[in-house]
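Worksheet for the structure shown next.
Residue numbers (this note's numbering): 3 to 186.
Pasting the structure below:
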């Protein structure tokens, strides 16, 4: 925990300041470059967090690929095997093998569609849901501990920044959807 506290206390002292007098458009590129530069500091944050990685993540006893499958199914819900393979950047045979092992361990359920037996759907089992809920909660608890270290002013900045990122992501998603519809 000391690593996180040390990182948070020193973040103001060690981070470079944004460009002075940044106006809305004139210095926008400078601000973007500043923010991208701050992303490099995330490695320092990661090092500070390493000693306090929740034991839940370490006790999951899954390979990284298996964990990625479980996370996708938790986030997306039931999906076709082909869509799962595609979203993970795996071949269908590789994804099938990974899912087979997760089925054997009780984390995933594979079902055929009654209307089309060629389609294989994958979803988390109750055991898989329980695992992901536990891992998600451990992550939330970790974030809460970091937020509790911050001042009210810092929390307001984090809230505003997070809201801005969410809005920008929503706009990109809408833009991407519009382009896909226009190509049809």
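Quick reminder that beta carbons are idealized off the backbone N, C-alpha and C, glycines included.
Endpoints, the alpha helix (DSSP H) within which residue i is located
| i | result |
| --- | --- |
| residue 136 | 128-151 |
| residue 95 | 94-106 |
| residue 77 | 66-78 |
| residue 35 | 30-41 |
| residue 85 | 83-90 |
Residue environment, residue i, which counts as buried when at least 16 other CB atoms sit within 10 Å
| i | result |
| --- | --- |
| residue 130 | buried |
| residue 160 | exposed |
| residue 104 | buried |
| residue 40 | exposed |
| residue 174 | exposed |
| residue 97 | buried |
| residue 7 | Unreliable positioning characterises residue 7 in this predicted model, as indicated by a pLDDT of 40, which lies under 50. The coordinate reading is nonetheless provided below. With fewer than 16 other Cβ atoms within 10 Å, it is exposed. |
When the options are compared against residue i, the one with the closest alpha-carbon
| i | options | result |
| --- | --- | --- |
| residue 73 | 86, 61, 142 | 86 |
| residue 61 | 133, 39, 118 | 133 |
| residue 37 | 128, 116, 167 | 167 |
| residue 125 | 158, 71, 96, 137 | 71 |
| residue 69 | 138, 121, 34, 163 | 138 |
| residue 92 | 67, 164, 49 | 67 |
Proximity below 8 Å, CB of residue i to CB of residue j
| i | j | result |
| --- | --- | --- |
| residue 148 | residue 80 | no |
| residue 75 | residue 110 | yes |
| residue 83 | residue 94 | yes |
| residue 100 | residue 112 | no |
| residue 88 | residue 108 | no |
Residue range of the beta strand (DSSP E) that includes residue i
| i | result |
| --- | --- |
| residue 115 | 110-115 |
Any non-hydrogen atom of the ligand ATP closer than 7 Å to residue i Cβ
| i | result |
| --- | --- |
| residue 112 | This structure lacks the ligand ATP, and indeed carries no ligand of any kind. |
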